[in-house]
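Undergrad: Once you've had a glance at the structure underneath, I'll fire off some questions.
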Amino acid sequence: MNTTYRTSTINNRRYLGNKYKLLPFITRVVEAECPQVETVADIFSGTGAVSSAFQDKILITNDLMYSNYICNFAWFGAEDYDPQRIAEFVTAYNAKTGCGENYMTRNFADTYFSRRDCAKIGYIREDIERSYKRGLLNRRERALLITSLLYAMDRIALTCGHYDAYRKGAKSEGSLELCVPMAQVHNNPLNQCFNEDANNLVKRIEADLVYIDPPYNSRQYCDTYHLLENVARWEKPEVFGVAKKMDRSGMKSKYCTTSAPRAFETLVQDIKAKYILLSYNNMAEKGNGRSNAKISDEDIMKTLSKKGSVKVFEESYKAFTTGKSDLPENAERLFLCTCRDGA
Ligand SMILES: C[S@@+](CC[C@H](N)C(=O)[O-])C[C@H]1O[C@@H](n2cnc3c(N)ncnc32)[C@H](O)[C@@H]1O
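Once you know that position 154 of the sequence shown is 157 in my numbering, the rest is easy, because the numbers rise by one and skip nothing.
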């Protein structure tokens with residue numbers, strides 16, 4: 004068997020609102036303004052990019068989507084894993100042919116992926132679960148292999164990165180190839196990863212720095228990434244419509260609706276931290292309707308000022324506008340609140 008394989012790092016995936024490129028800006032602000040930070044809670048963690056910049060601290064990650072929780076646990080989980088075992092599974096999966104019919108071929112053949120890639124995705128996902136149940140993988144190893152599969156799917160999906168639609172009749176540029184995620188074997192044993200509504204979680208945790216990066220417009224992440232979520236959960240639900248989405252009614256975020264300002268207010272009230280750092284861009288009233296920010300600057304300042312003293316930092320970046328308008332460069336802002344009654 005060919006035992007060569009490629010490796011991947013945390014940023015080898017596409018994700019809306021991913022802050023990887025902003026890490027120098029974020030860490031500069033934290034280093035200059037937030038002394039004595041030992042615990043960082045990244046409570047809308049997405050890919051976990053921001054957490055990856057604070058791996059010398061105790062990390063708390065959280066995301067409403069199970070697929071993100073799994074990736075976060077793969078990168079930052081407190082359980083050790085055997086890198087050799089991951090390499091062996093990845094090599095065997097890449098070599099596998101003749102995967103047969105399964106949930107993926109029945110529902111997604113020749114949509115986002117070719118029939119052959121669907122067969123392989125379904126086979127691999129089923130085998131990860133079987134191997135975990137037989138005790139051949141621990142929880143962290145299961146998460147690493149699912150992460151490897153999700154990243155591999157993202158690389159070949161016939162989409163522009165979002166699963167709202169697939170490019171009909173387009174041919175895949177490559178076939179599914181899993182990479183070995185280059186995750187630290189031994190993370191801080193006090194790290195914790197959660198998969199829940201941030202508004203509930205903050206009632207039970209404390210951290211020196213809480214980083215908040217909520218969705219800022221009406222685009223629900225569970226709609227955009229339904230297929231990755233479906234494969235990560237592997238509950239094999241019925242799927243509907245042209246985009247073949249599952250029922251996502253329990254997965255919607257308040258931060259994409261008109262109740263976002265109120266949700267933000269109660270979130271901030273309930274946070275126990277020395278510092279709260281918020282990323283929120285300035286698209287309000289500028290882009291097309293769906294891109295408009297749900298929480299105004301006035302609401303942000305009012306809510307944070309009740310909690311402590313607030314400073315705003317800005318850095319320009321190129322906005323994502325689905326090509327509908329030619330907006331000038333936008334500023335990504337960081338709102339830093341030094342809490343009056345810091346934990
Ligand atoms: C802007 S993205 C975060 C991106 C992340 N900082 C990164 O660098 O990849 C917002 C994230 O918040 C999650 N989310 C939305 N509503 C949430 C909620 N109520 N509680 C926790 N996570 C939520 C979404 O699933 C999404 O991954």
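Beta carbons: idealized from backbone N, C-alpha and C, even for Gly.
Tell me which residue opens and which closes the alpha helix (DSSP H) that residue 308 is part of.
TA: Residues 300-310.
Undergrad: Can you list, in chain order, the residues of its chain whose CB lies under 7 Å from that of residue 70, leaving out five sequence neighbours each side?
TA: Once the five neighbours on either side are set aside, the close Cβ partners of residue 70 are 153, 228, 231, 232, 235.
Undergrad: Is the number of C-beta pairs between the segment 191-211 and the segment 44-60 that are closer than 8 Å three or more?
TA: Touching, yes, given that three or more Cβ pairs across the two stretches are closer than 8 Å.
Undergrad: Look at the Cβ atom of residue 13, then the Cβ atom of residue 50, and state whether they are nearer than 9 Å.
TA: A contact, by the Cβ cut-off of 9 Å.
Undergrad: Use the C-beta contact count for residue 16: other C-beta atoms within 10 angstroms, 16 or more gives buried, fewer gives exposed.
TA: Buried, because 16 or more other Cβ atoms sit within 10 Å of the Cβ of residue 16.
Undergrad: According to DSSP, is residue 367 part of a helix, a strand, or is it coil?
TA: The structure shown does not extend to residue 367, since the chain is modelled only from 4 to 346, so the question has no answer here.
Undergrad: With DSSP as the reference, label residue 257 as helix, strand or coil.
TA: DSSP places residue 257 in helix when its eight states are reduced to three.
Undergrad: Using three-state DSSP, classify residue 201 as helix, strand or coil.
TA: Reduced to three states, the DSSP call for residue 201 is helix.
Undergrad: Using the C-alpha atoms, what's the distance from residue 76 back to residue 135?
TA: Going by the C-alpha atoms only, they are around 15 Å apart.
Undergrad: Could you pull out every residue in the same chain whose Cβ sits closer than 7 Å to the Cβ of residue 96, ignoring the five residues on either side in sequence?
TA: Here the set comprises 127, 181.
Undergrad: Would the C-beta of residue 225 count as close to ligand 1, meaning under 8 Å from any of its heavy atoms?
TA: True, at least one ligand heavy atom lies under 8 Å from that Cβ.
Undergrad: Are there any heavy atoms of ligand 1 lying less than 8 Å away from the beta-carbon of residue 219, as far as the coordinates show?
TA: Under cutoff, so the answer is yes.
Undergrad: For residue 32, which beta-bridge partners are listed by DSSP?
TA: Paired residues: none, contrary to the question.
Undergrad: Tell me whether residue 58 sits in a helix, a strand or coil according to DSSP, three-state version.
TA: Coil.
Undergrad: Just to confirm the assignment: which complete beta strand (DSSP E) runs, minimum length 3, are found wholly within the segment 125-200?
TA: The qualifying runs are 195-197.
Undergrad: What whole-angstrom Cβ distance do residue 283 and residue 296 have, given they're in contact under 8 Å?
TA: Right, their Cβ atoms sit about 7 Å apart.
Undergrad: Alpha carbon to alpha carbon, what distance is there between residue 242 and residue 29?
TA: Taking the straight line joining both Cα atoms gives about 39 Å.
Undergrad: Which residue's Cα is closest to the Cα of residue 87: 144, 109, 272?
TA: It is 144 whose Cα lies nearest to the Cα of residue 87.
Undergrad: Closest to residue 62 by CA distance: which of 26, 213, 110, 22 is it?
TA: Selected option, being the one with the closest Cα: 213.
Undergrad: Are three or more beta carbon pairs between the segment 302-310 and the segment 259-274 nearer than 8 Å?
TA: Because the criterion of three Cβ pairs below 8 Å is met, the segment 302-310 and the segment 259-274 touch.
Undergrad: Need the endpoints of the alpha helix (DSSP H) that residue 227 sits in, please.
TA: 224-227 is the extent of the alpha helix (DSSP H) around residue 227.
Undergrad: Let's see if you can read the secondary structure: which residues bound the alpha helix (DSSP H) around residue 93?
TA: 86-98 is the span of the alpha helix (DSSP H), which, as asked, contains residue 93.
Undergrad: Within its chain, find whatever has a CB closer than 7 Å to the CB of residue 115; leave out the 5 residues flanking it on each side and keep chain order.
TA: So the list reads 160, 161, 162, 166, 169, 230, once near-sequence residues are dropped.
Undergrad: So, at 7 Å on beta carbons, what are the nonlocal neighbours of residue 10 in its own chain, with the 5 sequence-adjacent residues on each side left out?
TA: Closer than 7 Å at the Cβ level, and outside the excluded window around residue 10, lie 182, 183, 185.
Undergrad: Return yes when the Cβ of residue 32 is within less than 9 Å of the Cβ of residue 281, no when it is not.
TA: No, Cβ-Cβ distance for residue 281 and residue 32 is not below 9 Å.
Undergrad: List the whole-angstrom C-beta distance separating residue 215 from residue 147, where the pair is believed to meet the contact cut-off of C-beta under 8 Å.
TA: Not a contact, Cβ separation roughly 27 Å.
Undergrad: Would you grab the beta carbon distance between residue 264 and residue 250 for me? Rounded to a whole angstrom, and I think it's under 8 Å.
TA: Wrong, their Cβ atoms sit about 28 Å apart, outside the cutoff.
Undergrad: Identify which residue in 130, 177, 27 has its Cα closest to the Cα of residue 2.
TA: Outside the shown range of the chain (4 to 346) lies residue 2, about which nothing can therefore be said.
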